[in-house]
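A.B. asks: Going by full-length UniProt numbering, the residue at position 240 of the sequence shown is 240; the numbering climbs one at a time, nothing skipped.
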Amino acid sequence: MTRAERMMESVCTPLIHMESEFRVDDEMILGNATQLNQVLLNVCVNAVHAIGKNQGNIRISCHSEEKEKLAQGVIEKLSDVWKKYIHIQVKDNGCGMDKETLRQIFDPFFTTKKGGEGTGLGLALAEQIITSHKGYIYAESKKGEGSTFHIYLPVLDTEHMPQIVQNIPRKDYRIVVADDNAKVLQLLKKNFEKIGIQIQTCMKREELQKCLEQQQADVLVVDETMEDCSGVDFCMSLAGRYPDMLKLIIIDGVNREMAEARQKGIIDGYVEKPVSDTAILEAIRNCASQPV
């Protein structure tokens with residue numbers, strides 16, 4: 001949370017005062033720190049835009065709550081597996097939103113900003129990340145009264161560790177990684193071998209095609225910006241040929257093309273740079289846990 005707070009402060013204007021209150025002890029969550037920091041940053045950017053050039057306040061708070069004590073509407077959105085949740089709130093005193101805007105804020109490409117000033121992906125991505133972490137995000141707002149975003153993430157305890165760990169692929173998973181950076185591939189291969197997972201690496205499109213033809217892969221991880229092919233274009237070329245193979249793209253950041261590719265089922269997910277064995281496994285786990 002401390003790192004996230006620093007990131008959020010970096011996007012605030014000099015006229016915006018930011019305050020925080022963290023009331024958590026030893027609670028832990030199982031998740032991708034980079035992705036969760038991105039969620040908080042996206043929510044904060046939304047608050048900054050809502051305040052605009054005016055003087056304003058943004059308050060971030062974090063505490064744990066028992067699921068049974070939450071509002072019924074929130075309980076219905078949460079999994080039955082976890083009994084305790086971290087509740088993060090980001091509150092601003094900006095312009096607020098009307099009911100129609102509030103209803104659409106998590107829709108991909110929806111934006112209230114002027115042309116060219118926003119992609120409409122920030123909050124859509126935030127919801128996607130929180131959902132993949134078995135959490136829930138929603139907002140409360142009134143026009144002229146500011147907004148409050150609520151984020152709930154399950155608290156990890158030892159009782160549920162075995163259930164979560166079994167969803168992470170182990171030795172029987174066959175992973176193919178394609179990237180034109182030899183050093184990246186060497187490091188990934190070394191780190192995967194340390195945890196007992198063998199991966200096949202490729203640097204060229206032709207090499208990757210032969211690899212997939214010669215052995216059945218469970219997961220394909222391909223860099224979007226390989227020298228001789230686009231990751232999305234390559235995945236499109238595989239349409240219908242490997243229906244059970246997860247297809248992940250290594251990206252610098254989510255853009256319209258990536259969001260549309262995932263929405264259309266061309267790819268199953270993405271891994272943000274800098275790529276690592278942990279990030280790949282987390283992306284696989286998140287995809288595998290999504291409803292069909």
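From the three backbone atoms N, C-alpha and C, an ideal C-beta is built for every residue, glycine too.
DSSP three-state call for Asp-244: helix, strand or coil?
C.D. replies: In the sequence shown, counting from the first residue as 1, residue 244 sits at position 244. Coil.
A.B. asks: Which value, in whole angstroms, describes the spacing of the CA atoms of Glu-193 and Arg-103?
C.D. replies: The count along the sequence shown starts at 1 and reaches residue 193 at position 193. The count along the sequence shown starts at 1 and reaches residue 103 at position 103. Whole-angstrom Cα-Cα distance: 46 Å.
A.B. asks: By the three-class DSSP mapping on this structure, what secondary structure does Lys-142 have?
C.D. replies: Along the sequence shown, read from residue 1 onward, the residue named residue 142 stands at position 142. Note: Lys-142 maps to strand in three-state DSSP.
A.B. asks: How many whole angstroms separate the CB atoms of Ile-151 and Ile-130, which I take to be in contact at a CB cut-off of 8 Å?
C.D. replies: The residue you call residue 151 lines up with position 151 of the sequence shown. The residue you call residue 130 lines up with position 130 of the sequence shown. Indeed, because the Cβ distance is near 6 Å, the residues count as touching under 8 Å.
A.B. asks: Can you tell me whether DSSP reads Leu-238 as helix, strand or coil?
C.D. replies: Locating residue 238 in the sequence shown gives position 238, counting from the first residue. In the structure shown, Leu-238 sits in coil (DSSP, three-state: anything other than H, G, I, E or B).
A.B. asks: How big is the Cα-Cα spacing for Asp-244 and Leu-15?
C.D. replies: Within the sequence shown, residue 244 is the residue found at index 244, counting from 1. Within the sequence shown, residue 15 is the residue found at index 15, counting from 1. If I take the Cα positions, the gap works out to 52 Å.
A.B. asks: Tell me the DSSP secondary structure of Val-232 in three-state form.
C.D. replies: Along the sequence shown, read from residue 1 onward, the residue named residue 232 stands at position 232. Three-state DSSP puts Val-232 in a helix.
A.B. asks: I'd like the span of the alpha helix (DSSP H) that includes Asn-191, first residue to last.
C.D. replies: Your numbering for residue 191 matches position 191 in the sequence shown. Residues 182-194.
A.B. asks: DSSP on Thr-278, reduced to helix/strand/coil?
C.D. replies: Taking the sequence shown and counting its residues from 1, one reaches residue 278 at position 278. It is helical.
A.B. asks: Apart from the five residues on each side of it in sequence, which residues of its chain come closer than 8 Å, Cβ to Cβ, to residue 294?
C.D. replies: It is not possible to answer for residue 294, since the shown part of the chain is limited to 1 through 292.
A.B. asks: Which of the three DSSP states, helix, strand or coil, is assigned to Cys-62?
C.D. replies: The residue you call residue 62 lines up with position 62 of the sequence shown. The answer is strand: DSSP assigns Cys-62 an E or B state.
A.B. asks: Applying the 10 Å Cβ sphere with the 16-neighbour rule, what's the burial state of Thr-201?
C.D. replies: By 1-based counting over the sequence shown, the position of residue 201 is 201. With 16 or more other Cβ atoms within 10 Å, it is buried.
A.B. asks: Please state whether DSSP places Val-39 in a helix, a strand or coil.
C.D. replies: Locating residue 39 in the sequence shown gives position 39, where the first residue counts as 1. Note: Val-39 maps to helix in three-state DSSP.
A.B. asks: Using the three-state DSSP reduction, which class does Leu-208 fall into: helix, strand or coil?
C.D. replies: Here residue 208 refers to the residue found at position 208 when the sequence shown is read from its first residue. Here Leu-208 sits in helix by DSSP.
A.B. asks: Tell me, which residues are paired with Thr-201 by DSSP?
C.D. replies: In the sequence shown, residue 201 corresponds to position 201, counting from 1. Looking at the DSSP assignment, Thr-201 forms a beta bridge with Val-177.
A.B. asks: Does the separation of the CB atoms of Leu-188 and Asp-277 fall below 7 Å?
C.D. replies: For this step, residue 188 is matched to residue 188 along the sequence shown. For this step, residue 277 is matched to residue 277 along the sequence shown. Taking 7 Å as the Cβ cut-off, Leu-188 and Asp-277 qualify as a contacting pair.
A.B. asks: So is Met-8 buried or exposed if we call it buried at 16+ other beta carbons inside 10 Å?
C.D. replies: By 1-based counting over the sequence shown, the position of residue 8 is 8. Classification of Met-8: buried, given that the 10 Å Cβ count is 16 or more.
A.B. asks: Helix, strand or coil: how does DSSP classify His-133 here?
C.D. replies: As a working mapping, residue 133 is identified with position 133 in the sequence shown. Reduced to three states, the DSSP call for His-133 is coil.
A.B. asks: Would you give the residue range spanned by the alpha helix (DSSP H) that Met-258 belongs to?
C.D. replies: Here residue 258 refers to the residue found at position 258 when the sequence shown is read from its first residue. Taken as a continuous stretch (DSSP letters only), the alpha helix (DSSP H) holding Met-258 covers 256-263.
A.B. asks: Quick one, are the C-beta atoms of Ala-47 and Ile-58 less than 7 Å apart?
C.D. replies: Here residue 47 refers to the residue found at position 47 when the sequence shown is read from its first residue. Here residue 58 refers to the residue found at position 58 when the sequence shown is read from its first residue. Cβ distance < 7 Å, so Ala-47 and Ile-58 count as in contact.
A.B. asks: Rank Ala-4, Thr-225 and Gln-55 by C-alpha distance to the C-alpha of Ala-33 and give the top, closest one.
C.D. replies: Stepping through the sequence shown from its first residue, residue 33 is reached at position 33. Closest option to Ala-33, Cα to Cα, is Ala-4.
A.B. asks: With DSSP run on the structure shown, which of helix, strand or coil describes Lys-69?
C.D. replies: The count along the sequence shown starts at 1 and reaches residue 69 at position 69. Lys-69 falls in the helix class under three-state DSSP.
A.B. asks: DSSP three-state call for Gln-216: helix, strand or coil?
C.D. replies: For the purposes of this step, residue 216 is taken as the residue at position 216 of the sequence shown. Looking at Gln-216 - three-state DSSP - the assignment turns out to be coil, as it is neither helix nor strand.
A.B. asks: Do Glu-224 and Ile-251 have their C-beta atoms within less than 7 Å of each other?
C.D. replies: In the sequence shown, the residue the question calls residue 224 occupies position 224. In the sequence shown, the residue the question calls residue 251 occupies position 251. Cβ distance < 7 Å, so Glu-224 and Ile-251 count as in contact.
A.B. asks: Determine, using beta carbons only, whether Ile-51 and Leu-153 come nearer to each other than 7 Å.
C.D. replies: What you label residue 51 is simply residue 51 of the sequence shown in a count that begins at 1. What you label residue 153 is simply residue 153 of the sequence shown in a count that begins at 1. No, Cβ-Cβ distance for Ile-51 and Leu-153 is not below 7 Å.
A.B. asks: Say the cut is 6 Å; is the CB of Gln-35 nearer than that to a heavy atom of the ligand MN?
C.D. replies: Annotation note on the ligand MN: not contained in the displayed structure, which lists no ligands.
A.B. asks: Relative to the alpha-carbon of Ile-249, which residue among Gly-240, Ala-279, Tyr-242 and Arg-241 has its alpha-carbon at the smallest distance?
C.D. replies: Counting from one through the sequence shown, the residue named residue 249 turns up at place 249. Checked all of Gly-240, Ala-279, Tyr-242 and Arg-241; the closest Cα to Ile-249 is Ala-279.
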